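Written as structure tokens, this is what we have:
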């Protein structure tokens, strides 16, 4: 990770002269591309340009990143719209004949099939665009450059986190390097055992927990709940109450 500090030193140094908030470049690109339908197609040769271009500044790098992300973000918004419609249809079908007539339910089932097909089209478009533009290693390099630049520039730090979020949205796989970049970016002062933020989380878990655990959400939740229980000498019920679907698991305690 720290090799990038020397290898990209010249590029990283340009954050001192870039008079721009990198987090706003997305909006600038949307305004510029909004009326051009051709911009909603995947950028050809994006991966090659990312890896072979000698970038003059972080601003230019972020600009091309957002231009590449534009069609992906646009299609993702369409996907989320269809997804919301599918959630509504599922709610209608779940209520069934107790609330709706059979004819309407049949219409909704047919509509559900159409929506699923539209969602698949969106997902196929996104995955094809991502396959031609990004890899885990490339995203790691982008995030790491921005992480190092973010030590002196708040906007670059925010852009680093944005790239990591985009990886999640695009389903670009995280590896050990990605998780280390995430850890350093989130805790800011490095993944040290004496991190002030780590100490705060352990000492006061009731305020909310930050976790990079790879276990299941239930396992992480249970561990946090047990820590709170031990600190406050409050017994827990490991059975029905702890596993109830009706309330948040971290709000459940034994009848005692």
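Residue numbers (UniProt numbering): 1 to 256. All C-beta atoms, glycine included, are put in the ideal place defined by N, C-alpha and C. Keep in mind the model is a prediction, meaning the values are calculated, not measured.
If you draw a straight line from the Cα of residue 216 to the Cα of residue 116, it is about 28 Å long. Relative to the Cα of residue 181, the nearest Cα in the group 108, 36, 147 belongs to 147. Going by DSSP, residue 88 is part of the alpha helix (DSSP H) stretching over 58-95. Here residue 93 is exposed, its C-beta having fewer than 16 other C-beta atoms within 10 Å. In this structure, the alpha-carbon of residue 79 lies about 6 Å from that of residue 122. Within the same chain, no residue comes within 7 Å of residue 131 by CB-CB distance, once the 5 residues on both sides are set aside. Residue environment: residue 129 is assigned as buried (16 or more neighbouring CB atoms within 10 Å of its CB, all protein chains considered).
Annotated three-state conformation of residue 150 is coil, per DSSP. For residue 166, the number of other beta carbons within 10 angstroms of its own is at least 16, and it is reported as buried. If you compare the alpha carbons of 61, 26, 40 with that of residue 11, the shortest gap goes to 61. The Cβ atoms of residue 118 and residue 82 lie closer than 7 Å to each other.
If you look at residue 103, you'll find it in the alpha helix (DSSP H) that goes 102-133. Around the beta carbon of residue 151, a 10 Å sphere encloses fewer than 16 other beta carbons of the protein chains shown; the residue is thus reported as exposed. Two segments are said to touch when three or more pairs of C-beta atoms, one from each, lie closer than 8 Å; by this definition the segment 66-75 touches the segment 24-43. Counting along the chain, residue 14 sits inside no alpha helix (DSSP H), nor does DSSP assign it H or E at all.
When the alpha-carbon of residue 86 is set against those of 154, 120, 24, the nearest one is in 120. A contact is defined here as three or more CB-CB pairs under 8 Å, and the segment 20-27 meets this definition with respect to the segment 153-171.
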